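A.B. asks:
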Amino acid sequence: MASTLAELEEMQREAAKGASRASGGMREVTYRDALREAITEEMDKNPNVLLLGEDIGAYGGSYVVTRGFQEKYGRKRVIDTPIAELGIVGVAVGAAMAGLKPIVELMTINFSLLAIDQIVNHAAKIHYMFGGQFTAPLVIRTASGWGQLGATHSQTFEGWYAHVPGLRVVMPSTPRDAKGFLKAAVQGNDPVMFIEHSLIYRNRGLIPDGEYILPLEGAEVRKEGSDVTIVSWSRGAILAMGAADELEREGISSEVIDMRVLRPLDIDTVAKSVAKTNRLVIVEESWRTMGLGAEIAAAVQEVAFDDLDAPIGRVGSIEVPMPYARNLERIIIPGKDEVIQAVKATL
Amino acid sequence: MTSVGSGGTATIPGIRAEAPDAATSNLDLDHGQLRAMFELMLLARALDERTWLLNRAGRVSFAISGQGHEGAQAGLGYAFDTSKDWLHPYYRDLTLVLHWGMTPRDVMLMNLSRKGDPNSGGRQMPGHYGSRRLRIVSSSSPVATQIAQAPGIALASKLRGEDVVTLTCVGEGGTSEGDFHEGLNWASIHRLPVVFCVQNNHYAISVPMEKQMAVRHVAERAAAYNMPGVQVDGTDALAVYRAAREAVARARRGDGPTLLETVVYRFTPHSSDDDDRSYRSREEVEEWKARDPLIVTRQRLQALGALTDEQEAEMQSRVKASVDDATDFALAAPLPDPEEAVTHVYAG
């Protein structure tokens with residue numbers, strides 16, 4: 000049994016509560032507005048930044064991230080494209096090689112598969128294949144997520160991209176990370192898969208006033224604890240926080256780590272935590288087989304084998320294509336209960 | 000084989016086919032330029048043949064050839080301003096990259112994957128040419144991906160207000176990929192300064208034209224994108240030059256892209272890894288070799304009084320010296336340093 004809408008709303012309240020705890024020099028924004036701020040600041044600063052995507056202009060983007068940008072920056076810089084993911088990324092790769100800074104919006108990560116050749120065989124390899132002559136610094140924004148969208152529209156492919164050297168892959172869970180990472184992605188010289196989540200655009204959180212960027216590296220400890228380490232990213236990290244709160248009430252102290260950046264993976268932060276808690280649970284929304292959780296588990300045991308007092312726990316989706324019916328979908332996607340159960344199995 | 004490809008002039012609804020005899024009229028190339036164009040073709044052929052020899056001798060592990068395509072490429076190349084235009088070639092475009100400024104030494108360093116290979120430092124396969132300095136973008140092994148990228152390069156030029164045209168090439172086999180449709184569609188929507196050249200050599204490795212597409216001529220497809228589609232005899236460099244010049248002028252005027260189909264024949268197997276005897280007859284190959292672009296272009300130049308036997312003999316000796324020099328230079332060059340295997344993954 001898993002997430003309900005009520006549970007998601009609770010998560011959003013939790014996120015907002017976390018925000019209200021912080022103090023001066025900060026302000027509260029939604030995840031969506033954090034993205035909008037990042038794009039606006041970069042477009043204001045650099046005329047080479049342009050946006051390409053389906054329905055991003057007059058329509059404002061499927062998740063309303065680019066609303067109003069075409070009016071502000073014009074049709075030359077905010078380009079409504081044909082429904083042609085391969086073409087969009089192909090054009091962006093060409094434009095990036097020729098010196099522009101394209102930010103591509105692919106409506107969902109499911110549709111990125113139509114462009115995967117341009118991403119994996121081109122964007123990721125151009126700098127290497129040219130011996131460093133050309134860079135392809137495009138940013139591909141896309142949304143992971145689910146919510147009664149069916150088998151081909153609810154998938155979680157960050158692990159596919161994190162597999163590929165030459166790409167940087169980020170999957171922020173908070174408005175602060177979303178803004179700081181997106182700005183770093185636009186200012187950087189490498190191709191970046193910037194993966195959002197359809198269910199967290201309205202989440203609120205504190206971000207620093209004024210401009211800031213966050214380097215595209217490093218996991219972050221979201222909550223300190225002593226009995227078990229729970230690792231996740233994106234919406235999974237929010238789920239882990241919710242589970243940790245509930246465990247806390249039962250007297251179990253969890254340390255929660257948000258991986259945030261999936262390539263390069265920060266295993267050190269996880270290993271340090273495991274040295275303290277001796278137990279590890281990895282939570283992902285994707286299928287576990289050949290997934291990122293498998294890689295994290297393998298990498299952690301290589302460096303922290305002697306610190307582990309229990310087998311590493313893993314929570315993921317049930318391995319079937321996603322069904323549409325709400326009750327079926329909730330069976331498939333992991334929720335707080337599964338995380339709590341997995342934590343208890345390690346104790 | 001298409002009717003134009005076998006030497007005639009075809010009238011095809013919606014597209015224009017260049018008549019070969021029209022090619023020598025209204026030319027703006029002087030005799031010196033015509034000879035330089037011919038020498039470029041000779042050089043590309045000799046370099047290609049040498050690479051093939053090195054492959055058969057076990058020195059080059061992979062060779063992919065442009066033999067038979069030299070006329071089409073030389074004619075194309077001369078229509079562009081190589082000091083500013085971009086080239087997003089495919090793996091048969093040896094003649095084009097030489098015209099754009101790559102040297103025989105550069106090419107041999109790549110073929111032998113030696114240290115100092117300016118294309119990629121030994122990282123890329125032979126035939127996948129790339130030079131930022133020369134504005135040559137490395138093509139991909141999955142075919143036609145450059146067709147999706149070239150409009151992006153042109154978009155950058157257009158947004159910056161630069162007077163730059165991008166040339167991208169593909170075989171007729173690559174036109175079956177979705178990239179081809181998406182790229183042409185994009186370029187036409189935004190009237191981007193791109194020339195798409197399909198070098199139609201009739202086979203996608205082994206699969207003949209009629210099993211690749213239900214239209215008789217690739218150029219017909221231009222109608223679907225509301226751009227001109229022009230088919231031209233690719234064995235005749237001057238005919239190609241004339242057609243390409245118009246396409247380039249159109250792009251520079253801001254009127255958008257053109258689909259140019261040059262009808263050629265490849266004289267070698269697809270690559271050093273296949274045997275073409277399984278899919279085409281020796282008679283067919285011989286028939287086309289009688290219309291080798293080197294023969295056709297030589298005849299054109301001689302008819303114009305632009306080429307004597309003595310001049311050609313001098314060219315041949317320069318070409319041989321250049322290919323020998325490139326071969327010796329590259330064979331003497333060291334292998335890439337081992338650390339090169341793991342550098343340049345990220346630009347940082």
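If you're matching them up, the sequences are chains H and S in order. Per numbering that gives the first Met the number 0, the first sequence runs over residues 0 to 346. Per numbering that gives the first Met the number 0, the second sequence runs over residues 0 to 347. All C-beta atoms in this analysis are idealised placements derived from N, C-alpha and C, irrespective of residue type, glycine included. Bear in mind that the values here come from a model prediction, so they are computed numbers and not experimental data.
#1: Is the closest heavy atom of the ligand SAH to the C-beta of alanine 248 of chain S under 7 angstroms?
#2: Under 8 angstroms between C-beta atoms, does valine 96 of chain S make it to chain H?
#3: Anything in chain H within Cβ reach of proline 63 of chain S, meaning under 8 angstroms, just list it in chain order.
#4: Quick test of your reading: proline 125 of chain S and valine 59 of chain S, contact by CB under 8 angstroms. State the CB separation rounded to the nearest angstrom.
#5: Does the count of Cβ pairs from the stretch 175–187 of chain S and the stretch 77–90 of chain H closer than 8 angstroms reach three?
#6: Using a Cβ cut-off of 9 angstroms, pull out every chain H residue sitting near aspartate 178 of chain S, in sequence order please.
#7: Please list the partners that asparagine 188 of chain H has in chain S, where partner means a Cβ-to-Cβ separation under 7 angstroms.
#8: May I have the straight-line CA-CA distance separating proline 207 of chain S from histidine 201 of chain S, to the nearest angstrom?
#9: Are the beta-carbon atoms of aspartate 232 of chain S and threonine 296 of chain S separated by less than 8 angstroms?
#10: Taking the alpha helix (DSSP H) that phenylalanine 68 of chain H belongs to, which residues open and close that run?
#11: Do three or more CB pairs link the stretch 317–334 of chain H to the stretch 290–307 of chain H at distances below 8 angstroms?
#12: What are the start and end residues of the beta strand (DSSP E) that includes histidine 87 of chain S?
#13: Over the uninterrupted alpha helix (DSSP H) stretch that includes glutamine 230 of chain S, give me the two end residues.
#14: Beta-carbon of proline 150 of chain S versus every beta-carbon of chain H: anything under 8 angstroms?
#15: Per DSSP, alanine 203 of chain S is paired with what?
#16: For a test of the three-state rule: what should DSSP assign to alanine 320 of chain S, helix, strand or coil?
#17: With 16 other CB atoms within 10 Å as the buried threshold, where does leucine 41 of chain S fall?
#18: Could you pull out every unbroken beta strand (DSSP E) segment of at least 3 residues lying fully inside the stretch 169–218 of chain H, listed in chain order?
#19: Taking C-beta to C-beta, are aspartate 282 of chain H and isoleucine 256 of chain H nearer than 8 angstroms?
#20: Three Cβ pairs or more, each shorter than 8 angstroms: is that satisfied between the stretch 208–226 of chain S and the stretch 88–99 of chain S?
#21: Considering just the uninterrupted stretch of the beta strand (DSSP E) at proline 101 of chain H, what are its terminal residues?
#22: Take the Cβ of alanine 357 of chain H as the centre, count every other Cβ of all protein chains shown within 10 Å, and call the residue buried at 16 or more, exposed below.
#23: So aspartate 254 of chain S and arginine 159 of chain S are supposed to be a Cβ contact under 8 angstroms. How far apart are they, rounded?
#24: Should the stretch 138–155 of chain H be regarded as contacting the stretch 117–136 of chain S, the criterion being three or more beta carbon pairs within less than 8 angstroms?
#25: By DSSP, does glycine 151 of chain S sit in helix, in strand, or in coil?
#26: Secondary structure at leucine 259 of chain S, three-state DSSP: helix, strand or coil?
#27: Pick from H/Ser143, H/Leu261, H/Val299 and H/Leu99: whose alpha carbon is nearest that of leucine 112 of chain H?
#28: Per DSSP, lysine 222 of chain H forms a beta bridge with which residues?
#29: Under 8 angstroms, do alanine 123 of chain H and isoleucine 152 of chain S count as touching if we go by C-beta distance?
#30: Residues of chain A with CB closer than 8 angstroms to the CB of valine 142 of chain S, please, in chain order.
#31: Under 8 angstroms: do the stretch 46–64 of chain S and the stretch 259–270 of chain S share three or more Cβ pairs, one atom per stretch?
#32: Any residues in the stretch 42–54 of chain H with a beta carbon nearer than 8 angstroms to a beta carbon of chain S? Which ones, in chain order?
#33: Can you name the start and end residues of the alpha helix (DSSP H) that alanine 142 of chain H belongs to?
#34: At 3 residues or longer, and completely inside the stretch 170–205 of chain S: list those beta strand (DSSP E) runs for me, N to C.
#35: Suppose you measure from the CA of tryptophan 385 of chain H to the CA of alanine 296 of chain H; what does that come to, to the nearest Å?
#36: Hey, does glycine 182 of chain S have any beta-carbon neighbour from chain H nearer than 8 angstroms?
C.D. replies: On the basis of the supplied data:
#1: The ligand SAH is absent from the structure shown, which contains no ligand whatsoever.
#2: no
#3: The sequence as given places isoleucine at residue 63 of chain S; proline does not occur at that position. Neighbours of isoleucine 63 of chain S on chain H: none; closest Cβ ~16 angstroms, over 8 angstroms.
#4: 7 angstroms
#5: yes
#6: Leu85, Gly86, Gly89, Asp116 and Gln117
#7: Within chain S, the C-beta atoms nearer than 7 angstroms to that of asparagine 188 of chain H come from Ala346 and Gly347, in chain order.
#8: Distance between the alpha carbons of proline 207 of chain S and histidine 201 of chain S is about 6 angstroms.
#9: no
#10: First-last of the alpha helix (DSSP H) with phenylalanine 68 of chain H: 68–72.
#11: no
#12: 85–87
#13: No alpha helix (DSSP H) holds glutamine 230 of chain S; the beta strand (DSSP E) holding it covers 228–232.
#14: yes
#15: S/Val206
#16: Correct three-state label for alanine 320 of chain S: helix.
#17: It counts as buried.
#18: 191–196 and 203–207
#19: Note on identity: in this sequence residue 282 of chain H is valine, with aspartate being the wrong assignment. Result no, Cβ atoms of valine 282 of chain H and isoleucine 256 of chain H do not sit closer than 8 angstroms.
#20: By the Cβ rule, the stretch 208–226 of chain S does not count as touching the stretch 88–99 of chain S, because fewer than three pairs are nearer than 8 angstroms.
#21: 100–105
#22: Coverage of chain H is limited to positions 0 through 346, which leaves residue 357 of chain H absent and any answer about it impossible.
#23: Aspartate 254 of chain S to arginine 159 of chain S, Cβ: 19 angstroms. No contact.
#24: no
#25: helix
#26: strand
#27: H/Ser143
#28: H/Val255
#29: Note that the C-beta distance between alanine 123 of chain H and isoleucine 152 of chain S is not below 8 angstroms.
#30: Among the protein chains of the structure shown, namely H and S, there is no chain A.
#31: yes
#32: Leu49
#33: From DSSP, alanine 142 of chain H is part of no alpha helix (DSSP H) but of the beta strand (DSSP E) over 138–143.
#34: 193–199
#35: Residue 385 of chain H is absent from the model: chain H starts at 0 and stops at 346.
#36: yes
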